[in-house]
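Going by the UniProt record's numbering, the first residue of the sequence shown is number 1, and it counts up by one from there. No residue lacks a Cβ here, since even glycine has one placed at the ideal position from N, Cα and C. These numbers were taken from a predicted model, which means no experiment stands behind them.
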Amino acid sequence: MDIIGTNEDDFLAGTIGSDRIDALDDDDTIVSLAGDDEIFGNDGEDLIVGGAGNDTIDGGDGDDLVFGDAGNDSIDGDDGVDVINGGDGNDRIIGNNDNDRIFGDAGNDTINGNDGDDILNGSDGADVISGDAGNDRVFAGNGNDTVSGGGRNDQLNGDAGNDLVQGEAGNDTVFGGTGVGNDTLTGETGTDLLIGGAGNDSLSGGDGSDRLIGVEPFAPGFGSIVNEVDTLTGGANSDTFVLGAGNEIFYDNGNNSDYALITGFNISQDFIELPESTFSLGSISINNAVGTGISFNNDLIAVVQGVSISDFSRGFDFV
């Protein structure tokens, strides 16, 4: 059924079938029911509720509040500062211009913030989330998610699951999340901070002077990691590999079963950061990694692959 509004503030209600609702201009309230609906908010600050079904929703110009509800929805916020909740289902959501807030909710969602400083939350499901242009904050939620920051300086959080998180351009903070998962984190261009969290994580700084931390230093019990092996890889420019914070040493509770595997270490420009100067170095071959082992109280905390003991005339920074 075709339902057309006016250029006033309208209340438009759909049917249980598949409707096409066009609100025209002004501040409208649109509530659809079941069915695969097409909904157009057009100009104005609109409230749109898609209802059950696989809906296609375009908020139009203005600061809109959009709920996709159940179903595999396609939602475009269009211009304006929009708040969008996809609801249950595998949704495709685009924020477009301005500073939007987007929540994917349950399901395997695809979310693109587009321009503006956006807040994007995938919630449950294996989501694909892109911040695109703007200084964005992304929370991937539960599930094995793929996250990319895009341009500018982003804060990216993989949360629970085995996540792939890429900072891309800008000076980004890339965090694997407080939930357990084997995450792959990439800073790419810019001066980035990469923090792995719980699980066997792989961190790669890329271009820029980056800081790489395999564990989550503010989580309870972070100093009691057992059976965790994180791979920390530097890149161009001077990178810092962090093995402790405050009075705590990372990876010091599992003998040789937990440690940071540091690869791509450039002895002429990279640093290893430790809160203690009491440590020992030794040649080591473990799990196909050959190089220099760093131990604290006879507990292996790091392996610097491809670097011999004699090369370590510098490279440590004690804090």
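The C-beta separation of D43 from G62 comes to about 6 Å, placing the pair in contact by the 8 Å criterion.
For D201, the secondary structure class from DSSP, reduced to helix, strand or coil, is coil. Restricting attention to P275, N162, S257, the CA atom closest to the CA of V303 is found in S257. Between the segment 205 to 212 and the segment 181 to 193 there are three or more inter-stretch CB-CB distances shorter than 8 Å, so the stretches are counted as touching. E273 is positioned such that its CB atom lies closer than 8 Å to that of L243. When the five nearest sequence neighbours on each side are left out, the beta carbons in the same chain lying within less than 6 Å of the beta carbon of N144 are those of A126, G161, N162, in order along the chain. At the C-beta level, G35 and D19 come within 8 Å of one another. Its Cα nearest to that of N237, the residue G208 stands out among G208, N247, F175, T231.
Counting the other CB atoms within 10 Å of its CB gives I48 a total of 16 or more, which places it among the buried residues.
A Cβ-Cβ contact shorter than 8 Å links G141 with S123. Runs of beta strand (DSSP E) with 3 or more residues, each lying fully within the segment 24 to 80, are found at 29 to 31, 38 to 40, 47 to 49, 56 to 58, 65 to 67, 74 to 76, listed in chain order. As DSSP reads the structure, N157 sits in a beta bridge with F139, F175.
Between the alpha carbons of I249 and L65 lies a distance of about 47 Å. The Cβ-Cβ distance between I84 and D100 falls below 8 Å.
Looking from the CA of F271, the closest CA among N227, N253, T233, D27 belongs to T233.
Secondary structure at S285: strand, using DSSP grouped into helix, strand and coil. Within the same chain, and ignoring the five residues on either side of G151 in sequence, the residues whose Cβ sits closer than 8 Å to its Cβ are D132, A133, G134, E168, A169, G170. D55 places its beta carbon 8 Å or farther from that of I30. When the alpha-carbon of G17 is set against those of M1, E276, D10, D230, the nearest one is in M1.
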